[in-house]
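Note that full-length UniProt numbering numbers the sequence shown so that position 32 is 32, with each residue one more than the last. Ideal Cβ positions, reconstructed from N, Cα and C, are used throughout, including at glycine. Since the model is a prediction, treat every value here as computed from it, not as a measurement.
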Amino acid sequence: EEGQQKVSWVSWEKICRPRNCGGLGIKDISTFNEALLSKWRWTLSQQKEDLWWRVLDSKYNG
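Below, the structure is given as structure tokens:
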């Protein structure tokens, strides 16, 4: 009908593909989040002398 937008059903997998592979080049937010969390874990694990590391270690590893 006139004036109404139609929904175009496209899988999230296709949207997250690189542009040269037919996608839109949008990052998959859950994969991106996991990568950032892993980076933080690595950075934090390398600073074991810091006070905040010792506090977290005693709280969670106990």
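Beta-carbon proximity check, residue i vs residue j, cutoff 8 Å
{"i": "LYS14", "j": "GLY3", "result": "no"}
{"i": "LYS27", "j": "CYS16", "result": "yes"}
Beta-carbon contacts of residue i that lie in its chain and below 7 Å, excluding the five residues immediately before and after
{"i": "GLN47", "result": "TRP53"}
{"i": "LEU51", "result": "none"}
Three-way DSSP call (helix, strand, coil) for residue i in this model
{"i": "LEU24", "result": "coil"}
{"i": "GLU34", "result": "helix"}
{"i": "LYS6", "result": "coil"}
{"i": "ARG19", "result": "helix"}
Same chain only: Cβ atoms within 6 Å of residue i, ignoring 5 sequence neighbours per side
{"i": "ARG19", "result": "GLY25"}
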